[in-house]
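Each residue of the sequence shown is one higher than the one before, starting from 49 at the first, in the numbering used here.
Just so it is clear, CB atoms sit at the ideal spot from N, CA and C, and this is done for glycine as well.
The structure presented is a predicted model; accordingly, all values stated were derived computationally and were not measured.
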Amino acid sequence: MGSSDFVCWCISISLLLALMSAQAGYARKITHRQDMEESSMAVHNMDPSVNIYFKINDLNIGKTIPVYLPSKNLSASPHLLSREEANSIPFSSKNLPQLLDFFSFSKDSTQAKAMEYTLKQCELEPIKGETRFCATSLESMLDFARSVFGLDSGLKVLTTTFLKKPTSVNFLQNYTVLDMPKQISASRMVACHTLPYPYAVFYCHSQKSENRLFQVSLGTENGDRVEASAVCHMYTSQWDIDHVSFRVLKIKPRSSPVCHFFPPDNLVWVPLPA
Ligand SMILES: *[C@@H]1O[C@H](CO)[C@@H](O)[C@H](O)[C@H]1NC(C)=O
Ligand SMILES: *[C@@H]1O[C@H](CO)[C@@H](O)[C@H](O)[C@H]1NC(C)=O
49 MGSSDFVCWC ISISLLLALM SAQAGYARKI THRQDMEESS MAVHNMDPSV NIYFKINDLN
109 IGKTIPVYLP SKNLSASPHL LSREEANSIP FSSKNLPQLL DFFSFSKDST QAKAMEYTLK
169 QCELEPIKGE TRFCATSLES MLDFARSVFG LDSGLKVLTT TFLKKPTSVN FLQNYTVLDM
229 PKQISASRMV ACHTLPYPYA VFYCHSQKSE NRLFQVSLGT ENGDRVEASA VCHMYTSQWD
289 IDHVSFRVLK IKPRSSPVCH FFPPDNLVWV PLPA
């Protein structure tokens with residue numbers, strides 16, 4: 049397991065935090081802030097990865113939105129373990145010293161900090177109305193999705209996908225909406241975000257509040273094409289008043305829906321219609 053591959057996943061921490069605080073609200077804000085400062089990847093106005101937010105009325109043909117979309121390099125991503133392999137490795141903060149030994153990371157390394165961060169995130173209690181789970185294998189992710197949708201529910205996954213290798217090395221680009229966005233009707237959704245760890249770990253969660261899911265065709269002037277998944281959170285009245293999305297969108301906090309694109313390393317599960 050290459051440790052350099054693992055480090056590059058840490059860049060998604062700030063984005064993940066933005067997403068998590070969007071959906072998890074104020075309760076965990078303090079922990080987030082401390083973690084972010086420790087990892088020196090704070091969410092602030094200058095971080096380009098906060099450019100994932102948009103307003104619901106931006107979902108119109110011809111509308112241009114600046115979006116930060118890092119293209120996914122699968123061969124550089126941490127490996128997904130089978131359930132058996134994952135279950136054979138402890139996944140708990142109290143086992144951190146052993147785990148650092150096992151993966152040969154020194155106690156003060158970036159990797160150690162990231163592992164500690166991930167384990168802590170996975171041990172937080174869910175906030176009111178939220179169901180959450182950290183999946184260390186695909187099987188456990190599917191089980192979690194079924195526990196939310198119903199055990200015999202079929203599952204469909206949505207992702208953000210580049211239709212061809214991007215021409216630009218800039219992750220932040222102006223994207224134009226090319227077609228009428230397609231709304232995906234789903235009673236519930238489970239969004240899974242990657243967490244930095246030596247193997248693939250996904251923080252998956254689901255909330256009962258009203259969300260609208262969309263699949264949006266985006267294009268840039270230089271010919272890049274992306275099929276992007278996006279969600280609009282229709283009620284933001286419970287969100288942290290300082291939530292970064294309000295600043296990015298320059299809107300009055302808690303006043304209107306907030307939408308965001310999912311980065312390419314996220315998986316969004318929805319139930320198949322019966
Ligand atoms: C993807 O990552 C691998 C391993 O780090 C690297 O060798 C390869 O050049 C990368 N590919 C792209 C398209 O960046
Ligand atoms: C997007 O377009 C606006 C308006 O033309 C421009 O000011 C901005 O620099 C562009 N952003 C990027 C990332 O290209």
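Taking all protein chains shown into account, isoleucine 289 has fewer than 16 neighbouring C-beta atoms within 10 Å of its C-beta and is therefore exposed. Comparing alpha carbon positions, the residue from Leu261, Val217, Val249 closest to leucine 117 is Val217. Judged by the Cβ position, asparagine 108 fails to qualify as a neighbour of ligand 2 at the 7 angstroms threshold, every heavy atom of the ligand being at least this far. The C-beta separation of valine 196 from serine 254 comes to about 5 angstroms, placing the pair in contact by the 8 angstroms criterion. Distances from the alpha-carbon of glutamine 231 to those of Leu148, His127, Val318 put Val318 closest.
Judged by DSSP secondary structure, serine 277 falls within the beta strand (DSSP E) whose first and last residues are 273 to 281. Secondary structure note for glutamate 178: its beta strand (DSSP E) is the uninterrupted segment 178 to 183.
According to the DSSP assignment, tyrosine 247 belongs to no beta strand (DSSP E), since it is labelled neither H nor E.
Three or more Cβ pairs closer than 8 angstroms define a contact, and the segment 209 to 226 meets that threshold against the segment 264 to 275. Here the C-alpha atom of isoleucine 104 lies approximately 13 angstroms from the C-alpha atom of valine 225. In the DSSP assignment, leucine 147 is bridged to no other residue. In the structure shown, the three-state DSSP call for lysine 230 is strand.
In the DSSP secondary-structure assignment, threonine 112 is bridged to Thr224.
Of all C-beta pairs linking the segment 184 to 201 to the segment 275 to 282, fewer than three are shorter than 8 angstroms, placing the two stretches out of contact.
For the 8 angstroms CB-CB criterion, glutamate 187 and arginine 260 do not form a contact. In chain order, Leu107, Phe262, Val264 place their CB closer than 6 angstroms to the CB of proline 229, counting only its own chain and leaving out the 5 sequence neighbours on each side.
With contact defined as three or more Cβ pairs closer than 8 angstroms, the segment 241 to 257 and the segment 156 to 172 are in contact.
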